[in-house]
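Engineer: Got a structure here, written out as C-alpha cells. Questions coming.
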Amino acid sequence: MTSLLTNNAAMTALTTLKSINTQLDVTSNRVSTGQRVSSAADNAAYWSIATTVRTDNGSLGAVKDSLGLGSATVDTAYTGLTSVLSNLQNMRSKLQAALTPGVDRSKVQTEIKSLQDNMKSTADSSIQSGQNWLSVNSSDTSVYKATQSIVAGFSRDNTGHISFSTVDVKVGDIQLYDKSLTATAATSAKVTASTAIAGTLDFKTNDNEQSTLTIALGSGESADITLDKSSLTAHVKDLGAVTKDELLSAINNSIAASDLAGLVSASLDSAGRLSFETIGNPDTDTVAVNIKDGAEGTAIDIGFGTDEAVIYNGVGTAKTTGTGGGILDSGNTNVAAVAISNSTTDAALKAHIDTVDRAIAKITEAATTLGAAKTQIDGQKTFVDTLMKSNDRAIGILVDADIEEESTKLKALQTQQQLAIQTLSIANSSTQGVLSLFR
C-alpha cells in the first residue's frame, strides 16, 4: 500500500542510515584514537581500571627518577671512598718506610700532609644533587640526615592505600669528616716521673737488681715491664753503664711485646724524666704506673721511686667526646691527626700505622655497604622499568582498539552508509509514481 502521509520504506531506510552513521562514528573514533575505551561512557569499569593503572605508572616514573638520582649519589660517594682508600694505602706505605733507619721522617711527614689534604679535598668535593655524604655537618639538621632514604618502590593495596619502599643508606657509617665535631682533638693520657733518672744505671754489680713497672690503662689493659740484667742484655753495650736512650729502647721494646703494644709509648722529657703516654687514641682517659720492688735484690730507681706499690697516675683526654665525628677525623681512626717527626718513637710510628689500618678497614666496610646499596638500587630500577612496561600492556588489553579489525569494519560501514543513502533515495522516489496518476 502506498500512502501520501506515511512513507514506511523511507522511514526504515532513514533508521538504518542513522544506525550505520552511529556505528561509523564509533569506529572512526577508535581508528583515530587507537582506543576502544577512550572515556567512561565507552566502558566505565575498564576506563576506571585503566585510569588507575596510568596514575600508578606516573608514580612509578617518579620512583624511577628517584632511583636514578640515588644511584648517581651513591656512585659519587663510592668513587670518593675508593679514592680516599687509595690515599690511605699510600699513607700506610709512607709510614712503613719511615720505620727504616736513617729515613728523614720530617720529609715523610710532608708527603703525609699532602695525602691528608688530598683526602679532605676529595671528601669535600664528593657532591651529587646538592648532597655530600662524605663531608658533613651533623649539627645542621635542616640538611643532614644520619640515614638517607631513596624511594625505591610504589604499591597500592586492594583498599587503595598507597605505600612506598626505600633503600636506606646510613650516612653516619660512611661519613669521613664531620664539621660539627665539637670535642677537642684527642689528646693523650700521660704520666711523668717525679725526678730525672741518673745519667747511667748499673745493672752489673748485682745480677738480681730489677724494677718491675706495672703499666695500666683506665680501659683495663695492663702489662708488667721487668727491667733486669737479662731483659737489658739485648739493648745495651755495657750493663754497668746503661744509658737513658738504651733504657728507653728496652722499655719500648718490652711494651711492644706486651698487651699494650700500640697503646702506650715511653719517652724522656726535656728534664730527663721518664714518661709514659697513650698513643693511637685508646678508649681510656688515664694511665697509671706502679713501681714494684723485684722479687730479688733491690729495685733500680728510674725516677718513679722505689717504694712498694707506689702508683703514679696521669690523666688526659685520650678519647674524643661530643657529637658528630667522621671516620677520618675522630676516634681511633683519626687519620687527620697523624703526624710524625724525627723524634717520633718507633712505637708511636707503629701506633700511627695501626690507626691507618683501622681507617682502611672502616672505609673498606663503608665501600662494601655502598656497593650493596648500588646493587639494590640498580636491581630496583630494572624491576620498576619492567613493571611500567607490564602496566602499559595491561592498559592496552583493556582499552586499545584492534586497528586491523576496526579498519575493516570502517570500510564495511562506509559501504553500508552509501547503500543506505541510495535506499533512502529510492524510497523517497516511490511517491513520484502516485503523483503521475494525477497528470
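Count the sequence shown with UniProt numbering and you get residues 1 to 439, in order. Glycine included, every Cβ here is placed at the ideal spot set by N, Cα and C.
Tell me whether the region 149-168 and the region 119-137 touch, counting them as touching only if at least three CB pairs, one residue from each stretch, are closer than 8 Å.
Structural biologist: No contact exists between the region 149-168 and the region 119-137.
Engineer: Give me the Cα-Cα distance between A72 and A223, rounded to the nearest whole angstrom.
Structural biologist: Approximately 51 Å, taken between the alpha carbons.
Engineer: Could you pull the start and end residues of the alpha helix (DSSP H) that D117 belongs to?
Structural biologist: From DSSP, the alpha helix (DSSP H) with D117 extends over R105 to D124.
Engineer: Are at least three pairs of beta-carbons, each pair with one atom in the region 45-52 and one in the region 140-150, less than 8 Å apart?
Structural biologist: No, because fewer than three Cβ pairs between the region 45-52 and the region 140-150 fall closer than 8 Å, the two stretches do not touch.
Engineer: If you follow the beta strand (DSSP E) that Q148 is in, where does it begin and where does it stop?
Structural biologist: Here the beta strand (DSSP E) through Q148 covers T147 to R156.
Engineer: List the residues that DSSP assigns as beta-bridge partners of N132.
Structural biologist: N132 pairs with I127.
Engineer: Within a Cβ cutoff of 8 Å, which residues of the same chain sit near Q422, ignoring the five residues on either side of it in sequence?
Structural biologist: The answer is none, since no qualifying residue turns up.
Engineer: Excluding five sequence neighbours on each side, which residues of the same chain lie with their C-beta closer than 8 Å to the C-beta of N158?
Structural biologist: For N158, where only same-chain residues beyond five positions count, there are no Cβ hits under 8 Å.
Engineer: Taking contact to mean at least 3 C-beta pairs separated by less than 8 Å, is the region 131-141 in contact with the region 98-112?
Structural biologist: Too few Cβ pairs lie closer than 8 Å, so no.
Engineer: Excluding the 5 residues flanking A295 on each side, which residues of the same chain have their C-beta closer than 6 Å to its C-beta?
Structural biologist: Note that A295 has pLDDT 48, beneath the 50 cutoff, so the model's placement of it is unreliable and no number is given.
Engineer: Could you compute how far the alpha carbon of S230 sits from the alpha carbon of Q89?
Structural biologist: Looking at the two C-alpha atoms, the distance is approximately 39 Å.
Engineer: Which residues in the same chain have their Cβ closer than 6 Å to the Cβ of S249, if we skip the five residues on either side of it in sequence?
Structural biologist: Same-chain partners within the cutoff: H235.
Engineer: Taking the straight line between their C-alpha atoms, what separation do you get for A183 and Q128?
Structural biologist: Any answer about A183 is weak, because its pLDDT of 44 lies below 50 and its placement is not dependable; what the coordinates show is given next. Spanning the two alpha carbons is a distance of roughly 29 Å.
Engineer: Helix, strand or coil for L176 per DSSP?
Structural biologist: Coil.
Engineer: Tell me whether S334 is buried or exposed, calling it buried when 16 or more other Cβ atoms sit within 10 Å of its Cβ.
Structural biologist: One detail in the question is off: residue 334 reads as Asn in this sequence, not Ser. Buried.
Engineer: Have a look at F383, T375, V356 and A271 and flag the residue whose alpha-carbon is nearest the alpha-carbon of M119.
Structural biologist: Taking only the C-alpha atoms, the option nearest M119 is V356.
Engineer: With DSSP collapsed to three states, give me the class of D56.
Structural biologist: DSSP places D56 in helix when its eight states are reduced to three.
Engineer: What's the gap between the Cα of G130 and the Cα of N342?
Structural biologist: About 43 Å.
Engineer: For G61, which option in N253, V384 and V26 has the closest C-alpha, if you only look at C-alpha atoms?
Structural biologist: Ranking the options by Cα distance to G61, first place goes to V384.
Engineer: Is it buried or exposed, N8, if we count other Cβ atoms within 10 angstroms and call 16 or more buried?
Structural biologist: Looking at its Cβ environment, which holds fewer than 16 other Cβ atoms inside 10 Å, N8 is exposed.
Engineer: Run the CB neighbour count on D238, radius 10 Å, all protein chains shown included, and call it buried at 16 or more, exposed below.
Structural biologist: Classification of D238: exposed, given that the 10 Å Cβ count is below 16.
Engineer: Would L14 and Q417 qualify as a contact pair, given that the criterion is a beta-carbon distance under 8 Å?
Structural biologist: No, these two residues do not count as a Cβ contact at 8 Å.
Engineer: Let's test the definition: count the other Cβ atoms within 10 Å of the Cβ of T55 and tell me whether it reaches 16, buried, or not, exposed.
Structural biologist: Flag for T55 reads exposed.
Engineer: Let me confirm a value: T12 is counted as buried when at least 16 other C-beta atoms fall within 10 Å, else exposed. Which label applies?
Structural biologist: Looking at its Cβ environment, which holds fewer than 16 other Cβ atoms inside 10 Å, T12 is exposed.
Engineer: Would you give the residue range spanned by the alpha helix (DSSP H) that K350 belongs to?
Structural biologist: From DSSP, the alpha helix (DSSP H) with K350 extends over D346 to V399.
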